[in-house]
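Residue numbers for the sequence shown follow the numbering used here, beginning at 17 and rising by one.
Beta carbons are placed, not taken as given, at the ideal position from N, Cα and C, and that holds for glycine.
First comes the structure, then the notes that go with it.
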Amino acid sequence: MQNLKKFENLERKNKGLINLNPIQTGGKLTKAAKKALVEFGDGYSVYDISPGLELMEMPLIKKFIQEDLPNFLGADIARLTFGAREGIFNVMHSIIKPGDIILVDGNRHYTTITAAERAGLKIVEVPNSEEPEYKINVEDYKNLIKKHKPAMILLTYPDGNYGNLPDAKKLGEIAAEFKTPYLLNCAYSIGRMPISAKDIGADFVIGSCHKSMACSGILGILGINKKWEKTLLRKSKIYSEKEIEFLGSELRGTAIATLMASFPEVSERIQKWIEEVEKAQWFSKEMEKLGLKQLGEKPHQHDLMCFKTEPFYEISKKHSKGRFFLYSELKKRGIAGIMPGLTKMFKLSTFEISKEELEKVIGAFKEILEMNNEK
Ligand SMILES: *Cc1c(COP(=O)(O)O)cnc(C)c1O
17 MQNLKKFENL ERKNKGLINL NPIQTGGKLT KAAKKALVEF GDGYSVYDIS PGLELMEMPL
77 IKKFIQEDLP NFLGADIARL TFGAREGIFN VMHSIIKPGD IILVDGNRHY TTITAAERAG
137 LKIVEVPNSE EPEYKINVED YKNLIKKHKP AMILLTYPDG NYGNLPDAKK LGEIAAEFKT
197 PYLLNCAYSI GRMPISAKDI GADFVIGSCH KSMACSGILG ILGINKKWEK TLLRKSKIYS
257 EKEIEFLGSE LRGTAIATLM ASFPEVSERI QKWIEEVEKA QWFSKEMEKL GLKQLGEKPH
317 QHDLMCFKTE PFYEISKKHS KGRFFLYSEL KKRGIAGIMP GLTKMFKLST FEISKEELEK
377 VIGAFKEILE MNNEK
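As structure tokens, this is what we get:
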């Protein structure tokens, strides 16, 4: 038990640093959520909100699930899931027979694959355009739909490697033309930028609350078109109110408490998305001035960016710390979130990081390059 006791005094390594880690920038709690986290930290303490009622009967939560979330997603129905990956699985498991084919973009997240494997599905991928932009051209879905007759198509919007935003709306038209169910994976967009399932023409949209909605998680969000209501929300034969696919209820504990506490601010921050995009584009230009090359779409439309950084790789070959030199030099300058050991290529996110902080980041990269070139 000695090791476990240490956790009590364990401090996070990146506390107080500028953290560029893409999986962390959108999940930072708001002040309100931090308060809710402590208040509702005890297991099942959310049952205190309206004593005697089930979660879905509590007026506060009922309105949130039945009105606020569907409005937010531009969807008819919303449900909470055990993370984005579980939501992807819930859809696949409910609407597709094992052995059937799904068509997914080549930039898909690994959880798309694990979910499909768990559901017993066959996977066909739409290739990307490769270096430097790694674009997905949604027109390429057409021929593959004709060839494979998939039971569902899936698009990652944006993908987690390059932050590319393919033409999701155009794919919505293609899905309608071929009458194929369409799932849009918005793990990096719902909670950061405005997303409307209806505008896009997606049957399902999926988000990750601990990644992009200022929530402690583990929680995913699923927007559903009402034509799938009977399939996805099918009820237990024994407990007539309980939905089987969601095992009766997915919304317990600090996950829902922090999601709801942050929700007003998250609803507001998506309105300022254009500022985030401008900041990302400015950052990308500054990086390129240093000889670091942004991969993925240009001009970039998202805060998640991948850079090819050969000059750092050259330095690492001579440096006493080898490929860990960059991590350590950045840390000295108060910057974290670039994966330790990477020098050839890395990704980062500028989401909700101020221009002043980003100037400091650019300054640090510049200094590290100059310092090492002098050697
Ligand atoms: C992070 C991520 C996921 C998984 O999200 P969870 O909520 O942790 O399950 C799925 N897809 C993409 C594109 C992601 O970036």
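- Counting the other CB atoms within 10 Å of its CB gives Lys-246 a total below 16, which places it among the exposed residues.
- Within its own chain, the residues whose Cβ lies closer than 8 Å to the Cβ of Ala-135, once the five positions on either side in sequence are excluded, are Phe-105, Met-108, His-109, Ile-112, Pro-114, listed in chain order.
- Residues of the same chain with a CB within less than 6 Å of the CB of Arg-339, apart from the 5 flanking positions on each side, are Ser-332, Gly-357, Thr-359 in chain order.
- The Cβ-Cβ distance between Leu-36 and Leu-275 does not fall below 8 Å.
- In the three-state reduction of the DSSP assignment, Ser-252 falls in the coil class.
- Taking 3 residues as the minimum length, the beta strand (DSSP E) runs contained wholly in the region 298-338 are 309-311, 320-324, in order along the chain.
- Every alpha helix (DSSP H) stretch that sits fully inside the region 173-198 and reaches 4 residues is listed by chain position as 184-193.
- In this structure, ligand 1 has no non-hydrogen atom nearer than 7 Å to the beta-carbon of Ser-110.
- In this structure, Ser-300 sits away from His-318, with a CB-CB distance that is not shorter than 8 Å.
- The beta carbon of Leu-53 is closer than 6 Å to those of Ser-232, Thr-270, Thr-274 in its chain, skipping five residues each way along the sequence.
- Setting aside the 5 residues that flank it on each side, Ile-272 is surrounded in the same chain by Val-62, Leu-71, Ile-77, Leu-96, Leu-235, each with a C-beta closer than 8 Å to its C-beta; the list follows chain order.
- Residue pairing of Met-209 in beta bridges, as defined by DSSP: Ile-206.
- As DSSP reads the structure, Ser-365 sits in a beta bridge with Leu-320.
- Our two residues, Ala-91 and Pro-75, have alpha carbons roughly 21 Å apart in a direct line.
- Of the candidates Glu-292, Glu-261, Lys-242, the residue whose Cα lies closest to the Cα of Phe-98 is Glu-261.
- For Thr-130, the enclosing alpha helix (DSSP H) begins and ends at 126-134.
- When the five nearest sequence neighbours on each side are left out, the beta carbons in the same chain lying within less than 8 Å of the beta carbon of Tyr-60 are those of Arg-268, Gly-269, in order along the chain.
- Shortest gap from the CB of Lys-78 to any heavy atom of ligand 1: 7 Å or more.
- Around the CB of Asp-175, 16 or more other CB atoms lie within 10 Å, so the residue is classed as buried.
- Under DSSP, Phe-23 forms no beta bridge with any residue.
- Relative to Gly-353, the option among Ala-100, Val-293, Leu-33, Val-142 whose CA is nearest is Leu-33.
- In its chain, beyond the 5 residues on either side, Arg-101, Ile-104, Phe-105, Met-108 have a beta carbon closer than 7 Å to the beta carbon of Ala-131.
- One Cα belongs to Gly-179, the other to Lys-151, and the distance between them is close to 10 Å.
- In the three-state scheme derived from DSSP, where H, G and I count as helix and E and B as strand, Ala-273 is classed as helix.
- Residue pairing of Ser-224 in beta bridges, as defined by DSSP: Gly-236.
- Residue environment analysis places Asp-58 among the exposed positions, since fewer than 16 neighbouring C-beta atoms fall within 10 angstroms of its C-beta.
- Separation of Glu-281 and Ser-228 (C-alpha to C-alpha, rounded to the nearest whole angstrom) is 12 Å.
- Around the beta-carbon of Gln-310, 16 or more other beta-carbon atoms lie within 10 Å, marking it buried.
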